[in-house]
Amino acid sequence: LVQNGIKSLGVRKYMNDEAMNAALADIQNHYPFAHVFDTFATVKIFDAFQGKEFETSCSMPEEEYNRHFGQHFLKRSSYESRPISETFLAKKMLIFIVYHLKHWYLVVVVNPLLGDINNFINRETKGHRATAYYVDSLVGTKKYTPELMAHRLGFTWKTIFSFLRLGALYHAHSFLHSQLIKI
């Protein structure tokens, strides 16, 4: 953590992404069942998806997805697909720190591969459904209107689960394709 990151922790200061990433790295070290997307990865995800919903017949080509997000799925030395057990797709929990409209909030996704993009408000957390928890310090304040919350929840859910769905689809395609070639 450099000096600018430390200075951003003061009273009435805008929190710097360096401070966020330092805290997230600590979380990643203590909870191996979780995968943390730092501020840089999350910005990349939100820039690429822009709140759009991508179905399996999506308009984002696999090459473009791999260019943006291949580091999560490909071995650096050979550019082969990693087994799913070595990717964030195998994790029980995904943590995203999101910066939107000059404000940070946290999204925690449990059971990410069981997600339904059309049902982001889910009270069943019995291990057989994906659930997203949205943690925001503005909830309950005058600034946080129901309209803003509905927009932010919908935008966030569609973006994150489109990213996860495409990741699972393209990982399965490239991993299975490489295995078939070996046979």
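Just so we're aligned, residue 1 is where the sequence shown starts under UniProt numbering, counting upward by one. Beta carbons are placed, not taken as given, at the ideal position from N, Cα and C, and that holds for glycine. The model shown is predicted, which means the values in this text are computed figures rather than measured ones.
When DSSP states are grouped into helix, strand and coil, His151 belongs to the helix group. Ranking Asn29, Ala34, Leu166, Ala19 by CA distance to the CA of Met93 puts Ala34 first. Excluding residues up to 5 positions away in sequence, Leu106 lie with their Cβ nearer than 6 Å to the Cβ of Val135 in the same chain. Taking 9 Å as the cut-off, the Cβ atoms of Asp38 and Ala25 count as close. Setting aside the 5 residues that flank it on each side, Lys91 is surrounded in the same chain by Phe33, Ala34, His35, Pro112, each with a C-beta closer than 8 Å to its C-beta; the list follows chain order. Assignment of beta-bridge partners to Thr141 by DSSP yields no partner. In the structure shown, Thr131 adopts extended strand secondary structure according to DSSP, grouped into three states. For Lys44, the CB contacts under 8 Å within the same chain, skipping 5 residues up- and downstream, are His68, Phe69 in chain order.
Under the DSSP assignment, Ala22 falls in the alpha helix (DSSP H) whose first and last residues are 17-30.
Under the three-state reduction of DSSP output, Leu94 falls in the strand class. In the DSSP assignment, Leu106 forms a beta bridge with Ile97, Val135. Bounds of the beta strand (DSSP E) holding Phe37 are 34-37. For Glu64, the enclosing alpha helix (DSSP H) stretches over residues 62-69.
When the Cα atoms are used, Leu164 and Thr87 turn out to be separated by approximately 12 Å. Distance from the CA atom of Ala19 to the CA atom of Phe46, rounded to whole angstroms, is 20 Å. Thr87 sits in coil when the DSSP states are folded into three classes, being neither helix nor strand.
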